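A short worksheet on the structure shown next.
Residue numbers (our numbering): 480 to 909.
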């Protein structure tokens, strides 16, 4: 592990300090989260009650949630539901080893939310296979909008690890539909891995990265690492509008990125044309990847406007694999967009640099990795990884950090963006 930390430190020093506030790359969102609101302190790792994360989430009004405790919040299967707007969850304020939320789905059914530097690990926790009760890591619901999830870690979801969802046909017109479901969502610099396959989902195999649901719009998936998810790295469904920029996909099962409008889910509704920009992404096959798996595949029905530029795809030996996959049952038309549809001013790296640069930058608290993230990244650097059906198949299992405490000192933080006044750490201690 020492050699891996030295490698991480070298990579961080090569690319500069950790960019840990979502504001600089907020995509199409227009939010400051809870900026200017009251400070709420999480002082316990209990699942509920005074000083808990649940209590802070359920409070009303603009609020910045800071952490005076580090460790594991075990929700025991109970969800965390964010329904009140103007919220910032600042996981960067926690003492090492940071905060991991386990055995829970977190949903966002509101607007103006920023979540940073937290880990979300639902897992199956002994529940019966195909027994139902599947859980995302985080999913936006309803008409959620102006949401940023930045520098977080996700693993062991039994549905998707990180998704944007909601009702697809709310209202009378396609314009109404887009307002009624998730829109202006940014997922940036996250580590998204090991979605559980044959676990509690009633459909059976369900190892998935991200689902971007029908008619969502303004969704930016930027500079994330997807590792060892069988499919949906990511999936954009019918009529969705968004972009994937500078993401690194490692060891997918049999699909990288794909688009799919399912006709049976659109009965009685006019099919909408999807719009997707894929720029500067890279995919590398791993031990679990089906030979020939392409970077992007169009499935189902309905047309898609697509712009692709500077994307790379290689097998485990470094040989090129197709960027575009074929599917004989697809009836939709692929329409080439000459120009990308991207947020103004978005910084874009070369796809060739992602394998070197991104691992050191993504996930919760890159300056103080928890053992699960460190193991995943070390394995990825060595070309190792596999699809799993339960968290117990990961040698480390659920995090077991001893609780830590540290008083929050507002004078140490820039409260406008929750960056430390001393500057972001650039590396974990070797």
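Ideal placement from N, C-alpha and C gives every residue a C-beta, glycine not left out.
Being a predicted model, the structure only gives us computed values, none of them experimental.
Inset, instruction - Flag this pair as yes or no: are the beta carbons of residue 536 and residue 561 separated by less than 7 Å? - result: The Cβ-Cβ distance between residue 536 and residue 561 falls below 7 Å.
Legend entry - alpha helix (DSSP H) runs contained entirely in the segment 514–584, provided each spans 4 or more residues: Correct list: 532–537.
Inset, instruction - Could you check the C-alpha separation between residue 546 and residue 533 for me, to the nearest Å? - result: Cα-Cα distance, rounded: 12 Å.
Legend entry - Residues bridged to residue 892 (per DSSP): BP columns for residue 892 point to 899.
Legend entry - Integer-rounded CB distance, given that residue 729 should sit under 8 Å from residue 757: By a beta-carbon distance limit of 8 Å, residue 757 does not contact residue 729. Their separation comes to about 17 Å.
Legend entry - Whole-angstrom distance between residue 674 and residue 531, CA atom to CA atom: Cα atoms of residue 531 and residue 674: separation of roughly 27 Å, rounded to the nearest angstrom.
Inset, instruction - Please go through the same chain and pick out, in chain order, the residues whose beta-carbon is closer than 6 Å to the beta-carbon of residue 718, but skip the five residues on each side of it. - result: For residue 718, where only same-chain residues beyond five positions count, the Cβ hits under 6 Å are 693, 694, 751 and 753.
Legend entry - Which of helix, strand or coil DSSP assigns to residue 795: Residue 795: coil per DSSP, three-state reduction.
Inset, instruction - Could you tell me the distance, in whole angstroms, from the CA atom of residue 502 to the CA atom of residue 807? - result: In this prediction, residue 502 scores a pLDDT of 46, lower than 50, which makes its location untrustworthy; the coordinate-derived value is nonetheless stated afterwards. Computed Cα separation, rounded: 42 Å.
Inset, instruction - Indicate whether the contact test is met: 3 or more Cβ pairs, each with one atom in the segment 659–669 and one in the segment 695–703, closer than 8 Å. - result: Result yes; three or more Cβ-Cβ pairs closer than 8 Å.
Inset, instruction - Would you tell me roughly how many angstroms separate the C-alpha atoms of residue 590 and residue 672, rounded to the nearest one? - result: Going from the Cα of residue 590 to the Cα of residue 672 covers about 26 Å.
Inset, instruction - Would you check if the segment 874–881 and the segment 837–856 touch, i.e. whether three or more CB-CB distances between them fall below 8 Å? - result: In this structure the segment 837–856 lies against the segment 874–881, because at least three pairs of beta carbons, one per stretch, are closer than 8 Å.
Legend entry - Unbroken alpha helix (DSSP H) run spanning residue 654, endpoints: Where residue 654 is concerned, the enclosing alpha helix (DSSP H) stretches over 653–659.
Legend entry - is_contact[residue 613, chain C] using C-beta, thresh 7 Å: Absence of chain C from the displayed structure is noted, only one protein chain being present.
Legend entry - residue 629 - partner residues in DSSP beta bridges: Bridge partners of residue 629: 595 and 667.
Legend entry - Neighbourhood of residue 642 by C-beta distance below 6 Å, restricted to the same chain and skipping five residues each side: Closer than 6 Å at Cβ, skipping near neighbours: 615, 618, 689 and 690.
Inset, instruction - Please report how far the alpha carbon of residue 892 lies from the alpha carbon of residue 903, in whole angstroms. - result: Straight-line spacing of the CA atoms in residue 892 and residue 903 works out to 11 Å.
Inset, instruction - Under 6 Å Cβ to Cβ from residue 794, same chain only, skipping five residues before and after it: list those, please. - result: If we look at residue 794 and ignore the five residues flanking it on each side, its Cβ neighbours are 764 and 800.
Legend entry - Own chain residues within Cβ distance below 7 Å of residue 895, not counting five before or after: Contacts found: 514.
Legend entry - Residue of 554, 612, 635 and 569 minimising C-alpha distance to residue 511: Shortest Cα-Cα distance from residue 511 to any of 554, 612, 635 and 569 involves 569.
Legend entry - Outcome for residue 676 when other beta-carbon atoms lying within 10 angstroms are tallied against a minimum of 16: Its Cβ being crowded by 16 or more others within 10 Å, residue 676 is buried.
Legend entry - Identified DSSP bridge partners for residue 728: Paired residues: 705 and 762.
Inset, instruction - Could you have a look at residue 854 and say whether DSSP puts it in helix, strand or coil? - result: In the displayed model, residue 854 falls within a helix according to three-state DSSP.
Legend entry - Among 669, 623, 683 and 706, the one whose alpha carbon lies nearest that of residue 657: Closest option to residue 657, Cα to Cα, is 623.
Legend entry - Exposed unless 16 or more other CB atoms sit within 10 angstroms - verdict on residue 899: For residue 899, the number of other beta carbons within 10 angstroms of its own is below 16, and it is reported as exposed.
Legend entry - Neighbour-count burial assignment, residue 678, 16 or more Cβ in a 10 Å radius: By the neighbour-count rule (16 or more Cβ atoms within 10 Å), residue 678 is buried.
Inset, instruction - Out of 786, 761 and 600, state which residue places its alpha-carbon closest to the alpha-carbon of residue 875. - result: With distances taken between Cα atoms, residue 875 lies closest to 600.
Legend entry - CB contact flag (residue 710, residue 740, <7 Å): A distance of 7 Å or more separates the beta carbons of residue 710 and residue 740.
Legend entry - residue 713 (DSSP reduced to helix, strand or coil): Three-state result, residue 713: coil.
Inset, instruction - Find the nearest neighbour of residue 868 within the set 621, 597, 613 and 505, judged by alpha-carbon distance. - result: Comparing Cα-Cα distances from residue 868 to each of 621, 597, 613 and 505, the minimum goes to 613.
Inset, instruction - Would you kindly work out how many angstroms separate the C-alpha atoms of residue 770 and residue 860, rounded to a whole number? - result: Rounded to the nearest whole angstrom, the CA to CA distance from residue 770 to residue 860 is 20 Å.
Inset, instruction - May I ask you to report which of helix, strand or coil DSSP gives residue 837? - result: Correct three-state label for residue 837: helix.
Legend entry - Residues near residue 890 in its chain [Cβ-Cβ closer than 7 Å; skip 5 each side]: Around residue 890: no qualifying Cβ.
Inset, instruction - For the beta strand (DSSP E) holding residue 779, just list the boundary residues, first then last. - result: Its beta strand (DSSP E) spans residues 775–779.
Inset, instruction - Could you name the residues that DSSP lists as bridge partners for residue 642? - result: DSSP lists 618 as the beta-bridge partner residues of residue 642.
Inset, instruction - May I ask you to report which of helix, strand or coil DSSP gives residue 877? - result: Assigned with DSSP and collapsed to three states, residue 877 falls in coil, not helix or strand.
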